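Please read the structure below before turning to the comments.
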Amino acid sequence: MRRLPRILKAVRRTALQAVPTVIGIVILNFFLLRLTPGDAADVLAGEAGAATVETLSALKAKFGLDLPVLQQLGGYLHNLAHFSLGVSPRYNQPVAALIAARLPNTLSLMGSALALALLLGITLGAIMASFAGRPADRALSVLSLLFYSIPSFWIGLMFIVLFSVKLGWLPSGGAETIGAGLTGWGAFVDRARYQVLPALSLALFYVAIYARLTRGDMLEVKAQDHVRTARAKGLPPLAVTRDHVLRNALIPVTTMAGIHLAGLMGGAVVVETVFSWPGLGRLAYEAVMGRDFHVLLGILLLSSLLVVVVNAAVDILQAWLDPRIEVR
Amino acid sequence: MAALLDVRDLSIAFPRATPVHGLSLTVAAGETVALVGESGSGKSLTALALMRLLPDTARIASGEVLFRGRGGGVSDLARLDDAALRQVRGRDIAMVFQEPMTSLNPVLSVGRQIAEVVRFHEGLSWRAARARAVELLDLVRIPEPRRRVEDYPHELSGGMRQRVMIAIAVACAPRLLIADEPTTALDVTIQAQVLDLLDALRRDFSMGLLLITHDLGVVAEWADRVAVMYAGRKVEEAPFETLFGTPLHPYTRGLLAASPRLDAGQHYSVGALAEIRGSIASAAGERGCAFAPRCAVARTLCRDALPELDAVAPGHLVACPVTTAAIPQEEAHHATPVG
């Protein structure tokens, strides 16, 4: 309770620090993207097949792509200052609307993947630590090595082959049954069914990491004096593991999970493509292919904000898990 | 009087070594017994073995740990099943460890750590257990217990933490308290306070207290009876007056001679402290008396056969044929072992 004011202070400070960071990221990304050959007008004209030089320059003029680079940057920053992410030439829609349509899907995919990874990883790690050196531990070690080394797109494809094609248990792509018109609980179950395979494919790599990390940390904590104290109190093994070993072992795992959340977004691009998941990852991929820089910049801006927010959340979570860490 | 704790012929083994051999020891209710020895003598392992808290690689190779429970029934802790053992741990027998810095869980408040032991053993709610934690902090003389109960171990000093450890230990009013070097990690000025506290609690709860230490000053002030260990064996046991007055085993004599004395006006610049030559490692692989390689009075027979523990006077046991032979025969003859 007495930590609450400190946490609020930390949140305010993080928010203030985020502003220059994010502006720097925007400017850097803007110039990086200019290094790629071609722009949205070139791609549109190319796809049309029969574009003349006049149509091309008309397109460029319409999207402001004929202006000097610095002027384009100025325009973009001007838009940002008015909380506008600009307009996508390709979709002819505001970027904010495009992102808002895709964001919930990606967030729910990332969230469920991370939750799955933590749940499975910590459980497996706890089991491995409890049976350290015995057959159960060896078998799970091999399994986690497999999870670690198999690329997510391949495991996604194999999941589709097994669970969608052979067994027919789960859908192979998309985010919901189109035209089913479900509401309430039915809609939730429907969406959950579509989410299982992509979330699992995305999670398995992290399951392996958290399992190894939890196992190592738990074995280390188990050897500490305070665990012997807990056993001397007569506490049953489950209470010793849960309240004394796991609680201490989780601190490094949360650090890693915070770092991974940003990485999950990168992984989501691949998995979303495999499962035709209508999320930000696929939007970003399409934006790259279409040289749709406004969309890409918007997504990059959003992900940098996400990283800032997650880092702050991890700091607060750690201060809650470990009272020795001060939230400053 | 039947003993509260009666350890018979206890041996502790690791895969490649047997650090404790055939140790016997008794503790009566309300009695303070000191187990004395240098590092590596096996005294801490003995303490852990009594509650079956040995490291995974070690095991009780033989012997019995007979403990008289609350109902008067005697059980062998060395063979008790895990569930029954958990009922004894923390409730009937409690332990205070050497390192208060690391013996408390760093991520839980001290109140939570005290509360969980009464919650488990007495089935109290968290609320009631928390209230008990405040009472217990007050009992171990921590000022402002109501505020301190929310503190985390890193917010307390070493002496305070050891008090919290003691509060955890006496939370269920145990019949036996094992204190493994409870003051070694503490400041000298705090040591006496903590030992006074342990002694007061022993009287209030009429607990047996097994005090494990290498500090003879601690023994002299607080112990009723002393057992001296060397290389995993008990070499001498006596009431504390006897041990300090007429020590018989050469090792005990060496230990007492090596203690600094204030009265003689001794200072290292005036007269060097006596030392026992060699180290405990020289006991490895010894067939006879483990102390023989360091002993000034050792004879050939010492190196060949393990000396037996003989009762030279009531309650005074010594494992040294050389020094016991020097006392008049009839005195040794009439003596009978106690316990």
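So the sequences go chain by chain: A and B.
Using the numbering used here, the first residue of the first sequence is number 1, and each one after it goes up by one.
Using the numbering used here, the first residue of the second sequence is number 1001, and each one after it goes up by one.
Note that the Cβ used here is the ideal one computed from N, Cα and C, for glycine as well.
Source: prediction; values computed, not measured.
- Straight-line spacing of the CA atoms in M218/A and R1175/B works out to 33 Å.
- The DSSP assignment places complete beta strand (DSSP E) segments of no fewer than 3 residues inside the region 1216–1252 of chain B at 1225–1230, 1233–1239, in order along the chain.
- Judged by beta-carbon spacing, V1074/B lies within the 9 Å limit of D1006/B, meaning their Cβ atoms are closer than that value.
- For P94/A, the beta-bridge partners assigned by DSSP are V87/A.
- The C-beta separation of P1106/B from R1161/B comes to about 11 Å, leaving the pair out of contact by the 8 Å criterion.
- Nearest to S303/A by C-alpha distance, out of A319/A, G263/A, I316/A, is G263/A.
- Listed in chain order, the positions of the region 1045–1068 of chain B with a beta carbon within less than 7 Å of a beta carbon of chain A are M1051, L1053.
- Straight-line measurement puts the Cα of A175/A at about 58 Å from the Cα of G1158/B.
- For G267/A against V310/A, the beta-carbon gap comes to about 15 Å, at or over 8 Å, which does not count as contact.
- Boundaries of the beta strand (DSSP E) harbouring P1019/B: 1017–1027, taken from the DSSP string.
- The alpha-carbon of S57/A is positioned some 57 Å away from that of L143/A.
- Here the region 1061–1081 of chain B makes no contact with the region 1232–1250 of chain B; the two share fewer than three CB pairs at distances below 8 Å.
- When only Cα atoms are considered, T183/A and Y194/A end up about 15 Å apart.
- Around the beta carbon of E1122/B, a 10 Å sphere encloses fewer than 16 other beta carbons of the protein chains shown; the residue is thus reported as exposed.
- In the DSSP assignment, H244/A falls outside any alpha helix (DSSP H), carrying neither H nor E.
- Within chain B, no C-beta atom comes less than 7 Å from the C-beta of P135/A; the nearest is roughly 17 Å away.
- Of the candidates V1110/B, T1183/B, L1053/B, H1154/B, the residue whose Cα lies closest to the Cα of D1082/B is L1053/B.
- Interface flag for I1168/B against chain A is set, since a Cβ pair is found closer than 9 Å.
- The beta carbons of F63/A and P104/A sit no closer together than 9 Å.
- Comparing C-alpha distances from L1023/B to each of R1016/B, A1029/B, L1045/B shows the shortest one belongs to L1045/B.
- Pairing L1201/B with G234/A gives a Cβ-Cβ distance that is not under 9 Å.
- In summary, W277/A is buried, with 16 or more beta-carbon neighbours lying within 10 Å of its beta-carbon over all protein chains present.
- The C-alpha of Q93/A lies about 15 Å from the C-alpha of N79/A.
- In the structure shown, the three-state DSSP call for G168/A is coil.
- Annotation: V1297/B is outside any beta strand (DSSP E) and is labelled neither H nor E by DSSP.
- Listed along chain A, the residues sitting closer than 7 Å to V1117/B by beta-carbon distance are K233.
- Secondary structure remark: continuous beta strand (DSSP E) runs of at least 3 residues inside the region 1113–1158 of chain B: none found.
- Within chain A, no C-beta atom comes less than 9 Å from the C-beta of S1157/B; the nearest is roughly 15 Å away.
- For G1208/B, the pairing in a beta bridge is given by DSSP as L1176/B.
- Secondary structure at F275/A: coil, using DSSP grouped into helix, strand and coil.
- The secondary-structure analysis by DSSP pairs H1316/B across a beta bridge with A1313/B.
- Within the region 214–243 of chain A, contact with chain B at the beta-carbon level (separation under 9 Å) is assigned to A223, Q224, D225, H226, V227, R228, T229, A230, R231, A232, K233, G234, L235, P236, P237, A239, D243.
- In this structure, L1255/B sits near I1276/B, with a CB-CB distance shorter than 9 Å.
- Neighbours of E1099/B in chain A, taken as residues at a C-beta separation under 7 Å, are given in chain order as D225.
- Residue contact check for R247/A against chain B: a CB pair falls below 9 Å.
- Residue pairing by DSSP places F1014/B opposite A1017/B in a beta bridge.
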